[in-house]
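Residue numbers (the working numbering): 6 to 359.
Backbone N, C-alpha and C fix where the C-beta goes; we use that ideal spot for every residue, glycine too.
Model, not experiment: these values are computed from the prediction.
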């Protein structure tokens, strides 16, 4: 995998308003049609032809293109670590970062980066498009322009948005709160359990009370994620064979258990015994609600009290995307059991409401 660097000549003055690094990983946002009417990755040295509005900014823009481009359905833990290290290596030279990424797994990637980039003081804005930049009715231009403006915005010399976010269709959402909810319309992402960070209209309105505070310590980029994790969605009629196939997978260390409502699960003896056996074998089980606006409250109902008593960890109002990447991150720290459980239950990067 290669990283190609391209400087964009926006005729920015020597004293520019901001310097922004754009990282193109792949996805619809960077696609155009070739002479055979096939979608191919865009050459970012020609970006001013597609987005001439960039010439109006007093920004110094640089693009790092990942080659070959990554289809977001193929994104891996190694790709997340690569992105985190690219930001680390360029952190001192830029005011903000815009990551162009496919929409299908953008919420997973934004969540993973939020954990890997500890003490982040600059904006890392994920954005993309539902329609390629080469099409007339594309949303790529508007998303890119607003993402750049957000990444460049400062107040009293500090970035307004010191965290990993997703900008899409006029909305700025905390990255580890986002879910993709649309595949055919422009409003692809929502944040059901946390307020917006900003909304773009005639101007961009920032909601600073919703932002994470600026860190007091320097950026620390973590280098390990553990892929020995799984997601199990409970459903009426689930069988012991299905449960066993997941819980007894070789090497399994962590499980996101998607339960009903406020964290409820069937009380069949065999199911509870399997979960209890998994916990006794050192598997960490994180309870997440299947409801988009759900919040796990273990012990509120009898059907969740069993989970609480056996040691299942309540995930509060975390999304599945943020939960599975949190498991990868926390297990990658390789801490003792007590600390691991404490971190899984704690709010690390604004992913759960306390």
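- In this structure, the alpha-carbon of residue 121 lies about 35 Å from that of residue 243.
- Between residue 132 and residue 173, the CB-CB gap stays under 8 Å.
- Residue 340 and residue 208 have their alpha carbons spaced roughly 45 Å apart.
- Annotation for residue 120: the continuous alpha helix (DSSP H) segment containing it runs 111-121.
- According to the DSSP assignment, residue 311 belongs to the alpha helix (DSSP H) that extends over 307-315.
- In this structure residue 154 is buried. Its beta-carbon is surrounded by 16 or more other beta-carbon atoms within 10 angstroms.
- Rounded to the nearest whole angstrom, the CA to CA distance from residue 137 to residue 30 is 14 Å.
- Under DSSP, residue 20 forms no beta bridge with any residue.
- Per the C-alpha coordinates, the member of 127, 72 and 245 positioned closest to residue 97 is 127.
- Between the region 68-86 and the region 219-238, the count of Cβ pairs shorter than 8 Å is three or higher; the stretches touch.
- When DSSP states are grouped into helix, strand and coil, residue 96 belongs to the helix group.
- For the options 321, 193 and 28, the alpha carbon positioned closest to that of residue 305 is the one of 321.
- In the three-state reduction of the DSSP assignment, residue 292 falls in the strand class, which pools E and B.
- DSSP places residue 210 in the uninterrupted beta strand (DSSP E) bounded by 209-211.
- For the pair of segments examined, the region 272-290 was found to touch the region 308-323: the number of CB pairs separated by less than 8 Å reaches three.
- When secondary structure is reduced to three states using DSSP, residue 78 falls in the helix class.
- Close CB contacts of residue 217 within its chain, under the 7 Å cut and outside five residues either way in sequence, are with 167, 168 and 355 (chain order).
- With the rule of 3 Cβ pairs closer than 8 Å, the region 232-240 counts as touching the region 249-267.
- If the five residues before and after residue 329 are omitted, its C-beta is found closer than 7 Å to the C-beta atoms of 234, 236 and 261, all from its own chain and listed in chain order.
- Using a Cβ-Cβ distance cut-off of 8 Å, the region 333-353 and the region 101-108 are not in contact, since fewer than three pairs of beta carbons, one from each stretch, lie closer than that value.
- Here DSSP, grouped into helix, strand and coil, assigns residue 284 to helix.
- Around the beta carbon of residue 247, fewer than 16 other beta carbons sit within 10 angstroms, so the residue counts as exposed.
- The Cβ atoms of residue 112 and residue 25 lie no closer than 8 Å to each other.
- With fewer than 16 other Cβ atoms inside 10 Å of its own Cβ, residue 206 counts as exposed.
- Residue 68 has 11 and 27 as its beta-bridge partners, per DSSP.
- In the structure shown, residue 330 falls within a helical segment according to DSSP collapsed to helix, strand and coil.
- Within the model, the alpha-carbon separation for residue 303 versus residue 266 is close to 11 Å.
- Approximately 7 Å separates the beta-carbon atoms of residue 118 and residue 180; this is inside 8 Å, confirming the contact.
- Under the three-state reduction of DSSP, residue 193 is assigned to coil, being neither helix nor strand.
- DSSP places residue 158 in the coil class of the three-state scheme, outside both helix and strand.
- Under DSSP, residue 179 takes part in a beta bridge, and its partners are 170.
- In this structure, the alpha-carbon of residue 215 lies about 18 Å from that of residue 194.
- At the C-beta level, residue 298 and residue 198 come within 8 Å of one another.
- The beta carbons of residue 67 and residue 13 sit about 7 Å from each other, so the pair counts as a contact at 8 Å.
- Rounded to the nearest whole angstrom, the C-alpha separation of residue 70 and residue 252 is 39 Å.
- Shown here, residue 127 sits in coil according to DSSP, grouped into three states, outside any helix or strand.
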